[in-house]
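Here is the structure we will look at, set down as structure tokens.
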Amino acid sequence: MTNPHFRKLLGALVATSVQFGTLGFAFADTTILNVSYDPTRELYKQFDEAFAAHWQAETGETVTVQQSHGGSGAQARAVIDGLDADVVTLALEGDINAIVEKSKKINPDWRTKFENNSAPYTSTIIFLVRKGNPKGIQDWGDLVKDDVQVITPNPKTSGGARWNYLAAWAYANAKDGGDEAKTKEFVGNLYA
Numbered sequence: 002m003t004n005p006h007f008r009k010l011l012g013a014l015v016a017t018s019v020q021f022g023t024l025g026f027a028f029a030d031t032t033i034l035n036v037s038y039d040p041t042r043e044l045y046k047q048f049d050e051a052f053a054a055h056w057q058a059e060t061g062e063t064v065t066v067q068q069s070h071g072g073s074g075a076q077a078r079a080v081i082d083g084l085d086a087d088v089v090t091l092a093l094e095g096d097i098n099a100i101v102e103k104s105k106k107i108n109p110d111w112r113t114k115f116e117n118n119s120a121p122y123t124s125t126i127i128f129l130v131r132k133g134n135p136k137g138i139q140d141w142g143d144l145v146k147d148d149v150q151v152i153t154p155n156p157k158t159s160g161g162a163r164w165n166y167l168a169a170w171a172y173a174n175a176k177d178g179g180d181e182a183k184t185k186e187f188v189g190n191l192y193a
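At the far end of the sequence shown sits residue 193, using the numbering used here, and the numbering has no gaps.
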């Protein structure tokens, strides 16, 4: 693949794997475990195949990447409780930090290893609307109209919902010039 974001992600996985010590000591045939969160299943299926081909071309060694998927917090707890992950690719910084603090399996300075605080990709928030978009929803501001209802998971229990919450906060903060009271009001109205 020639996508620059894909190449960046591939490089990050290679470097992270070496940081964990897994691939730095690889033998002729190696199996590694990538512990990730549910929405990345299809991404990493393709990515793992590309990584294995890349690794073999670079080193001559065969590597098989096994996947474990679940909720980000549940995956972090599994690693803390002993799941032998070679690579973790979780949804939330807090889940990575929990592994750092409770198991010492990740270096505390993990954010400094790569640019963008070691976030190899970003998420895009999209709005799904009824067929024909009868209420004309185009942007965040449209979501707080009196006749609009928002359906989103609880940000206290869902990693994806936290991204929704943070995206709404960032929108309101930028729109209102950093006025925290107005930002809180917007987010409060959105989640009312």
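All C-beta atoms in this analysis are idealised placements derived from N, C-alpha and C, irrespective of residue type, glycine included.
If you draw a straight line from the Cα of residue 190 to the Cα of residue 147, it comes to about 10 Å. For residue 80 against residue 33, the beta-carbon gap comes to about 14 Å, at or over 8 Å, which does not count as contact. For residue 38, there is no enclosing alpha helix (DSSP H); the residue is part of the beta strand (DSSP E) that begins and ends at 30 to 38.
The beta carbons of residue 104 and residue 111 sit no closer together than 7 Å.
The segment 125 to 133 makes no contact with the segment 54 to 71, as fewer than three CB pairs between them are under 8 Å. A check of alpha carbon separations from residue 87 across 35, 150, 31, 156 identifies 35 as the nearest. Relative to the Cα of residue 30, the nearest Cα in the group 145, 61, 151, 41 belongs to 61.
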